[in-house]
Amino acid sequence: MARIDFTPYRRSTVGFDHLFDLLESSVRNSGDNYPPFNIEKRGDDEFRITLALAGFRPADIDITAQQNLLTVTGRKQEENAEQGEMLHVGIANRGFERRFELADHVRVSNANLADGLLVIDLLREVPEAMKPKKIAINGQQSSLSIVDSSESEDSDRDAA
């Protein structure tokens with residue numbers, strides 16, 4: 024496995040340690056591909072994670088969201104019913120833990136398990152205090168107003 028060395032970047036940057044640690048840990052943990060998953064961007068502030076969980080029931084799955092980390096854990100419960108002898112086992116019947124690093128202000132809005140797919144919807148909600156605001160110069164404007172992102176992009180294009 025290739026090792027990525029971020030030392031030159033760590034020497035010339037301040038405050039990005041978390042980002043470099045995140046990149047290094049994702050390279051270390053890339054070996055286990057179970058369960059398979061998709062990450063989809065559904066809008067500017069909407070995302071969806073879909074995990075393929077054949078044979079799992081809602082009671083077998085635990086979803087935990089904590090500051091910037093989403094953890095999906097599956098513990099397969101043993102079936103007590105009498106079964107015949109298995110000749111081939113191709114459906115994974117093991118527990119798992121899958122972690123997803125989330126950006127700031129991203130929260131889980133919904134989770135649903137249907138047809139062997141666990142769908143987790145995520146939503147980015149930036150607090151009003153952190154949104155960009157126009158600042159009045161010499162009292163030209165009586166109050167602060169929130170800058171619309173499409174308005175700032177249009178003014179950037181007009182300037183070019």
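Numbering (the working numbering) for the sequence shown: 24 to 183.
A virtual CB, placed ideally from N, CA and C, is assigned to each residue, including glycine.
Computed from a predicted structure; not experimentally measured.
**OP:** Name the residue from Leu76, Asn91 and Arg80 whose alpha carbon lies nearest to the alpha carbon of leucine 45.
**Re:** Reading the sequence shown from its first residue, position 22 is the one you call residue 45. Of the listed residues, the one whose Cα sits closest to leucine 45 is Asn91.
Original post:
With burial defined as no fewer than 16 other Cβ atoms inside 10 Å of the residue's Cβ, what is the status of valine 19: buried or exposed?
Top reply: Within the shown structure, residues of the chain are numbered from 24 to 183, placing residue 19 beyond reach of any answer.
Original post:
Taking the alpha carbon of proline 58 as the point to measure from, which residue in Pro31, Leu76 and Glu47 has its own alpha carbon closest?
Top reply: If you number the sequence shown from 1, residue 58 lands on position 35. Ranking the options by Cα distance to proline 58, first place goes to Leu76.
Original post:
Thinking C-alpha only, which one of Ala88, Ile84, Asn135 and Ile62 is nearest glycine 97?
Top reply: Residue 97 sits at position 74 when you count from the first residue of the sequence shown. Nearest of Ala88, Ile84, Asn135 and Ile62 to glycine 97, Cα basis: Ile84.
Subject >> Cross-strand partners of phenylalanine 184 (DSSP beta bridge) >> reply: The structure shown does not extend to residue 184, since the chain is modelled only from 24 through 183, so no value can be given for it.
Original post:
Hey, leucine 140 and leucine 74: beta-carbon distance below 9 Å or not?
Top reply: Looking up residue 140 in the sequence shown gives position 117. Looking up residue 74 in the sequence shown gives position 51. Cβ distance < 9 Å, so leucine 140 and leucine 74 count as in contact.
Subject >> Closest by C-alpha distance to glycine 118, when choosing among Glu63, Val129, Asn56 and Asp67 >> reply: One-based indexing of the sequence shown puts residue 118 at position 95. When each option's Cα is compared against that of glycine 118, the closest is Asn56.
Original post:
Assuming arginine 65 contacts valine 142 under a Cβ cut-off of 8 Å, what Cβ separation, rounded to an integer in Å, is found between them?
Top reply: Here residue 65 refers to the residue found at position 42 of the sequence shown. Here residue 142 refers to the residue found at position 119 of the sequence shown. That belief does not hold up - the Cβ atoms of arginine 65 and valine 142 are roughly 11 Å apart, past 8 Å.
Original post:
Exposed or buried, what is arginine 121 when buried is set at 16 or more other beta-carbons lying within 10 Å of its beta-carbon?
Top reply: On the sequence shown, position 98 is the one that residue 121 refers to. Buried.
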